[in-house]
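Student:
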Amino acid sequence: AQTIHQWPVAEIKAVGSPLSLGCTIKGKSSPNLYWYWQATGGTLQQLFYSITVGQVESVVQLNLSASRPKDDQFILSTEKLLLSHSGFYLCAWSLGGCAETLYFGSGTRLTVL
Amino acid sequence: DAKTTQPDSMESTEGETVHLPCSHATISGNEYIYWYRQVPLQGPEYVTHGLQQNTTNSMAFLAIASDRKSSTLILTHVSLRDAAVYHCILRVGTGGNNKLTFGQGTVLSVIP
Numbered sequence: 001a002q003t004i005h006q007w008p009v010a011e012i013k014a015v016g017s018p019l020s021l022g023c024t025i026k027g028k029s030s031p032n033l034y035w036y037w038q039a040t041g042g043t044l045q046q047l048f049y050s051i052t053v054g055q056v057e058s059v060v061q062l063n064l065s066a067s068r069p070k071d072d073q074f075i076l077s078t079e080k081l082l083l084s085h086s087g088f089y090l091c092a093w094s095l096g097g098c099a100e101t102l103y104f105g106s107g108t109r110l111t112v113l
Numbered sequence: 114d115a116k117t118t119q120p121d122s123m124e125s126t127e128g129e130t131v132h133l134p135c136s137h138a139t140i141s142g143n144e145y146i147y148w149y150r151q152v153p154l155q156g157p158e159y160v161t162h163g164l165q166q167n168t169t170n171s172m173a174f175l176a177i178a179s180d181r182k183s184s185t186l187i188l189t190h191v192s193l194r195d196a197a198v199y200h201c202i203l204r205v206g207t208g209g210n211n212k213l214t215f216g217q218g219t220v221l222s223v224i225p
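Written out as structure tokens, the structure reads:
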């Protein structure tokens, strides 16, 4: 069975500090990977997606970056956090192909002070 | 992806059957109808999806109108665990980005 693990579960960070969030998928080779973000009280927005190692496409510009260093790993990061980065970050995976089902992780709650 | 319209909220009582409607009048022929549900501070959970035919699984029954302009997610014997925000989403993946566009969804409350 496939499992998706996100870390950390929650973070409290200062404005201007760096951030790194991680996601690992086990039990599925060459998945498509996605980062989504939800501001408090807002709707989920897709930030990035990746269909293969080393290849990441940006969907929404939020002064964040993403990388896929391994087939089963997806990293979201920034060197300088903004207050507006607060929210709930979700990693998801799907099989390749069109209109495939997305399966989400349990998320990371980020508070920027 | 085409737009969907859902009621803001609905209420049900434990043990009852609830019908969650979704309108998608401008759906394209190659768009799938997906349903996810989400509780606060958890990731969305896949419920079901369909293209033209009604579908059923252990979580729900999805009834799709013959003209595909609307659909209804039917939950039987609802429990407190079914209280969540239910999202009806249309999608067609292109170029490897199986993007889901979430709206506000329907908040389902379940009364004990």
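Each protein sequence line maps, in turn, to chains A and B.
Following my numbering, the numbering of the first sequence begins with 1 at its first residue and continues without gaps.
Following my numbering, the numbering of the second sequence begins with 114 at its first residue and continues without gaps.
Note that the Cβ used here is the ideal one computed from N, Cα and C, for glycine as well.
Note that the structure is a prediction, hence the values are computed from the model and not measured.
1) Just checking: is the beta-carbon of Y49 of chain A within a distance shorter than 8 Å of some beta-carbon in chain B?
2) Let me check understanding here. Comparing Cα to Cα, which of B:R194, B:F215 and B:V160 lies closest to S125 of chain B?
3) Beta-carbon separation of Y34 of chain A and C91 of chain A under 8 Å?
4) At a cut-off of 7 Å, would you count S141 of chain B as near the ligand PLP, judging by its Cβ distance to the nearest heavy atom?
5) Please report how far the alpha carbon of S106 of chain A lies from the alpha carbon of S94 of chain A, in whole angstroms.
6) Kindly indicate the opening and closing residues of the beta strand (DSSP E) around F48 of chain A.
7) For a contact defined as C-beta to C-beta under 7 Å, what are the partners of Y89 of chain A on chain B?
8) Along the region 17-45 of chain A, what residues have a CB closer than 7 Å to any CB found in chain B?
9) Any beta-carbon of chain B closer than 8 Å to the one on L62 of chain A?
10) Determine contact between the region 125-143 of chain B and the region 69-88 of chain A, defined as no fewer than three beta-carbon pairs at a distance below 8 Å.
11) Give me the Cβ distance between V223 of chain B and S192 of chain B, rounded to the nearest whole Å; I'm assuming they're in contact under 8 Å.
12) Out of B:G142, B:G218 and B:R181, point me to the one whose CA is closest to C201 of chain B's CA.
13) Which value, in whole angstroms, describes the spacing of the CA atoms of I160 of chain B and N167 of chain B?
Tutor: Here's the rundown:
1) What you label residue 49 of chain A is simply residue 49 of the first sequence in a count that begins at 1. Chain B contact via Cβ: present.
2) Here residue 125 of chain B refers to the residue found at position 12 when the second sequence is read from its first residue. Out of B:R194, B:F215 and B:V160, B:R194 has the C-alpha closest to the C-alpha of S125 of chain B.
3) Residue mapping note: residue 34 of chain A aligns to position 34 of the first sequence, counting from 1. Residue mapping note: residue 91 of chain A aligns to position 91 of the first sequence, counting from 1. Yes, Cβ-Cβ distance for Y34 of chain A and C91 of chain A is below 8 Å.
4) With respect to the ligand PLP, the structure offers nothing, as it holds no ligand at all.
5) On the first sequence, position 106 is the one that residue 106 of chain A refers to. On the first sequence, position 94 is the one that residue 94 of chain A refers to. Their backbone Cα atoms lie some 15 Å apart in a straight line.
6) Stepping through the first sequence from its first residue, residue 48 of chain A is reached at position 48. Residues L44 to T52.
7) Numbered from its first residue, the first sequence carries residue 89 of chain A at position 89. Result: empty, since nearest Cβ-Cβ is about 10 Å, beyond 7 Å.
8) N32, T43 and L44
9) Residue 62 of chain A sits at position 62 when you count from the first residue of the first sequence. L62 of chain A does not count as touching chain B.
10) no
11) On the second sequence, position 110 is the one that residue 223 of chain B refers to. On the second sequence, position 79 is the one that residue 192 of chain B refers to. Indeed, because the Cβ distance is near 7 Å, the residues count as touching under 8 Å.
12) Residue numbering aside, residue 201 of chain B sits at position 88 when the second sequence is read from its first letter. If we check each option's Cα against that of C201 of chain B, B:G218 comes out closest.
13) The residue you call residue 160 of chain B lines up with position 47 of the second sequence. The residue you call residue 167 of chain B lines up with position 54 of the second sequence. Before going further, note that residue 160 of chain B is Val rather than Ile in the sequence given. Looking at the two C-alpha atoms, the distance is approximately 14 Å.
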